[in-house]
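Residue numbers (the working numbering): 987 to 1460.
Pasting the structure below:
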């Protein structure tokens, strides 16, 4: 069954290219089969009307083959022109096509559909490479949108300047066109002198605000956003400007039924192990964005996704269980268990004044000695993901656990937190979980080494009440 966590059989989901038409969200994605030798990368497609029921449409844009510029069809965008013709822009790459320095070229390529996206006709004569000021091997992810105020089409690209510090040349380049056919260079859209590159750019307007989305290809590997009252800036950086943590990458959005959905991929790990390195591509996942009064965005699980889990009835237990430990750690392990089947948990807490850390245990042993840990650190204003025990380094006592890495640092989520009532929601399936705090802060994770166990709660230096547990599914 296709659901919020989608992965094609024997392959993985890379960057997602959402497009809305006729009440459907068309979710094009880069199809990564991880075969050696490489077979070329096509686009595949699923579509949905509600982010609950999906239809897998198979291959949409094929690889051009080993001798074409688009052996790899990388990320792009889909738009409809004023006559109703649908255009697909994408990145073409072939490892055999190199510049003078021996680096593989990236090109902007174009396809057109006149049969409602059943087929695409590639327009090879419209291919173009990087302009003179940019590196020809970093010229990708064309995002095209119409600027109504200036009556032009604008194309944003993940690019790199030819000069400057090696790791700070990333720029969001810009081209403009009147007909979607002929493109000319324009002033860069954003030039921060900060990153190696900013991948998968996107711009949209929601109410009075414009939003600029990009995936930081540098030290953070997160999808971030900026906001402005004008498409030309100045762009403001919200206090909490990332959509999720390291595991949820290259997310782009679509507006469907007056709601904004961000779809990306949750990365796999090497050797399917908690200690493995993050890999490119993984499993598709979607978050819903909500717009706050000040224009900032919050991110949560879509309500319909939760409601579609299990038999539709909440198994809610009112607890009122107090956990108190004035100078140390204390946990409680509940009877509720979860396994690798799709399931949803919601724990509601009341946090007392002067509490240091608190949170939730997942897939815990009966005594709580082993588990995954969702920890809310009050004095540090962050939510982190941990496991206990951590990676074992050896047989000696001082080698028992890698305590110098106190949690999965790359997944850390900054928050504003105070005492009072708070809610942690967790959607799990297999090795995947999406964690949401208070309906606004999301953290996607992988859990390979423990596939089942109890639900628990804990406090470290303080007092909490666990008010209730809601469980759906396994």
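Where is the CB? At the ideal position from N, CA and C, for every residue including glycine.
Subject >> Three-state secondary structure (DSSP) of residue 1395 >> reply: In the structure shown, residue 1395 sits in a helix (DSSP, three-state: H, G or I).
**OP:** Using only alpha-carbon positions, find the residue among 1392, 1033, 1335 and 1395 that is nearest to residue 1011.
**Re:** Shortest Cα-Cα distance from residue 1011 to any of 1392, 1033, 1335 and 1395 involves 1033.
**OP:** Would you mind working out which of 1424, 1346, 1411 and 1273 sits nearest residue 1252, comparing C-alpha positions?
**Re:** Of the candidates 1424, 1346, 1411 and 1273, the one whose C-alpha sits nearest the C-alpha of residue 1252 is 1273.
**OP:** Return the bridge partner residues of residue 1319 from the DSSP annotation.
**Re:** The secondary-structure analysis by DSSP pairs residue 1319 across a beta bridge with 1442.
Original post:
For the beta strand (DSSP E) that contains residue 1202, what are its first and last residues?
Top reply: Unbroken beta strand (DSSP E) run through residue 1202: 1195-1203.
**OP:** State the start and end residues of the unbroken beta strand (DSSP E) segment that holds residue 1410.
**Re:** Taken as a continuous stretch (DSSP letters only), the beta strand (DSSP E) holding residue 1410 covers 1406-1415.
Subject >> residue 1329 - DSSP class collapsed to helix/strand/coil >> reply: In the structure shown, the three-state DSSP call for residue 1329 is strand.
Original post:
Exposed or buried, which one is residue 1293 when buried takes at least 16 other CB atoms within 10 Å?
Top reply: So residue 1293 ends up on the exposed side.
Subject >> Top-ranked residue by Cα proximity to residue 1062, from 1186, 1170 and 1134 >> reply: Residue 1062 has its Cα closest to that of 1186, out of 1186, 1170 and 1134.
Original post:
Counting Cβ pairs, one atom from each stretch, are 3 or more of them under 8 Å apart for the stretch 1330-1344 and the stretch 1410-1427?
Top reply: Yes, the stretch 1330-1344 touches the stretch 1410-1427.
**OP:** Locate the alpha helix (DSSP H) running through residue 1162, then write down its first and last residues.
**Re:** Note, residue 1162: premise wrong, no alpha helix (DSSP H); beta strand (DSSP E) at 1156-1163.
**OP:** With DSSP as the reference, label residue 1291 as helix, strand or coil.
**Re:** In the structure shown, residue 1291 sits in a helix (DSSP, three-state: H, G or I).
Original post:
Can you tell which of 1007, 1405, 1213 and 1357 has the C-alpha that lies nearest to the C-alpha of residue 1189?
Top reply: A check of alpha carbon separations from residue 1189 across 1007, 1405, 1213 and 1357 identifies 1213 as the nearest.
**OP:** Return the first residue and the last residue of the beta strand (DSSP E) that residue 1063 is part of.
**Re:** First-last of the beta strand (DSSP E) with residue 1063: 1058-1066.
Original post:
Out of curiosity, what's the CA-to-CA distance linking residue 994 and residue 1166?
Top reply: Residue 994 and residue 1166: Cα-Cα distance of roughly 32 Å.
**OP:** Determine, using beta carbons only, whether residue 1376 and residue 1391 come nearer to each other than 8 Å.
**Re:** Going by C-beta atoms, residue 1376 is nearer than 8 Å to residue 1391.
Original post:
In terms of residues, what are the limits of the beta strand (DSSP E) holding residue 1080?
Top reply: DSSP places residue 1080 in the uninterrupted beta strand (DSSP E) bounded by 1072-1084.
Original post:
Does the stretch 1173-1186 come close enough to the stretch 1155-1165 that 3 or more CB-CB pairs lie under 8 Å?
Top reply: Inter-segment contact for the stretch 1155-1165 and the stretch 1173-1186 is present: three or more beta-carbon pairs are separated by less than 8 Å.
**OP:** Report back the beta-carbon spacing between residue 1103 and residue 1138 to the nearest angstrom; my notes put them in contact at under 8 Å.
**Re:** Not quite, the Cβ-Cβ distance comes to about 25 Å (not below 8 Å), so this is no contact.
Original post:
Taking the alpha-carbon positions, what's the residue 1080 to residue 1200 distance?
Top reply: Distance between the alpha carbons of residue 1080 and residue 1200 is about 24 Å.
Original post:
Would you say residue 990 and residue 1291 are within 8 Å of each other, going by their C-beta atoms?
Top reply: Going by beta carbons, residue 990 and residue 1291 fall inside the 8 Å limit.
**OP:** Compare the Cα-Cα distances from residue 1297 to each of 1255, 1320, 1329 and 1323 and report the closest residue.
**Re:** Per the Cα distances, 1329.
Original post:
Any idea if residue 1423 is buried or exposed, counting beta-carbon neighbours within 10 angstroms, 16 or more meaning buried?
Top reply: Burial state of residue 1423 is buried, judged by a 10 Å Cβ sphere holding 16 or more other Cβ atoms.
**OP:** Identify the continuous beta strand (DSSP E) that holds residue 1117 and give its terminal residues.
**Re:** Note, residue 1117: premise wrong, no beta strand (DSSP E); not H, not E.
**OP:** Would you please state the rounded distance, in angstroms, between the beta carbons of residue 1358 and residue 1433? I believe it to be under 8 Å.
**Re:** Sure, about 5 Å apart at Cβ, within 8 Å.
Subject >> Closest Cα partner of residue 1233 within the set 1295, 1249 and 1245 >> reply: Answer by Cα proximity: 1249.
**OP:** Could you check how far apart the C-beta atoms of residue 999 and residue 1005 are, in whole angstroms? I think they sit under 8 Å.
**Re:** Not quite, the Cβ-Cβ distance comes to about 16 Å (not below 8 Å), so this is no contact.
**OP:** Output yes or no for whether 8 Å exceeds the beta carbon distance between residue 1303 and residue 1454.
**Re:** The Cβ-Cβ distance between residue 1303 and residue 1454 falls below 8 Å.
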